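*Asks:*
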Amino acid sequence: MKKLLSVLFALLVVAMAVPLWAGSLSITELAVTTKVSKGKPIDAVHRISHHTVKTLYCFTRTVSDDSGETSIKHVWLRGGQVVKETTLPIKGKRWRTYSSLPVDASTVGNWRVEVRDAAGVLIKTVEFRIQ
57 MKKLLSVLFA LLVVAMAVPL WAGSLSITEL AVTTKVSKGK PIDAVHRISH HTVKTLYCFT
117 RTVSDDSGET SIKHVWLRGG QVVKETTLPI KGKRWRTYSS LPVDASTVGN WRVEVRDAAG
177 VLIKTVEFRI Q
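To convert a position in the sequence shown, counted from 1, into the working numbering, add 56.
Printed below as a string of structure tokens:
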């Protein structure tokens with residue numbers, strides 16, 4: 057009986073740990089861009105000089121089976137080290153959002169932006185270089 061109660065308790069703990077929003081979220085577009093205009097990135101940066109722009113944006117377009125609210129996180133990494141994290145709300149089946157990074161001489165290097173879901177699971181990444 058104790059074993060059965062232990063198993064039931066463990067199942068209850070696991071069930072409570074599952075997020076309430078369980079729809080499948082996918083990314084249909086991910087780009088580092090110099091500007092977002094009319095809800096779209098104007099370009100896709102793979103390599104750029106820090107003299108050219110003052111800010112870069114990571115644009116993300118999502119599609120979901122569920123219209124409920126959730127969030128994603130943009131994790132900006134330079135040389136594998138986390139520099140910035142931004143949590144962004146997702147409020148519908150089709151959603152667009154972006155985060156930004158100020159650019160100057162101190163930001164030169166190889167960069168990656170990881171997009172993570174509300175549970176912290178890596179969904180997609182994009183890499184670029186600031187010269």
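Ideal placement from N, C-alpha and C gives every residue a C-beta, glycine not left out. What you are looking at is a predicted structure, and each value in this text was computed from that prediction instead of being measured.
#1: To which residues does DSSP link residue 129 through a beta bridge?
#2: Can residue 132 and residue 155 be called in contact, C-beta distance under 9 angstroms?
#3: Leaving out five residues on either side along the sequence, give the residues of the same chain with a beta carbon under 7 angstroms from the beta carbon of residue 160.
#4: Would residue 128 and residue 179 be called neighbours here (beta carbons separated by less than 9 angstroms)?
#5: Counting only the same chain and skipping the five closest in sequence on each side, list residues whose C-beta sits under 6 angstroms from that of residue 113.
#6: For residue 88, which residues does DSSP report across the bridge?
#7: Please name the residue or residues paired with residue 165 in a DSSP beta bridge.
#8: If we ignore side chains and look at the alpha-carbon of each, how far apart do residue 138 and residue 177 end up?
#9: Which value, in whole angstroms, describes the spacing of the CA atoms of residue 158 and residue 173?
*Replies:* This is what the structure gives:
#1: For the purposes of this step, residue 129 is taken as the residue at position 73 of the sequence shown. Residue 129 is bridged to 143 and 172.
#2: Along the sequence shown, one-based indexing puts residue 132 at 76. Along the sequence shown, one-based indexing puts residue 155 at 99. Cβ distance < 9 angstroms, so residue 132 and residue 155 count as in contact.
#3: For the purposes of this step, residue 160 is identified with residue 104 of the sequence shown, where counting begins at 1. Same-chain partners within the cutoff: 106.
#4: The residue you call residue 128 lines up with position 72 of the sequence shown. The residue you call residue 179 lines up with position 123 of the sequence shown. Yes, the Cβ-Cβ distance between residue 128 and residue 179 is below 9 angstroms.
#5: Your numbering for residue 113 matches position 57 in the sequence shown. Here the set comprises 89, 92, 154 and 156.
#6: As a first step, residue 88 is located in the sequence shown; it is residue number 32 there, counting from the start. DSSP output for residue 88 lists 114 as bridge partner(s).
#7: Position 109 of the sequence shown, counted from the start, is the residue given in the question as residue 165. BP columns for residue 165 point to 186.
#8: Counting from 1 along the sequence shown, the entry for residue 138 is found at position 82. Counting from 1 along the sequence shown, the entry for residue 177 is found at position 121. Approximately 16 angstroms, taken between the alpha carbons.
#9: Start at 1 with the first residue of the sequence shown, and residue 158 comes out as number 102. Start at 1 with the first residue of the sequence shown, and residue 173 comes out as number 117. Near 24 angstroms, if we compare the C-alpha coordinates of residue 173 and residue 158.
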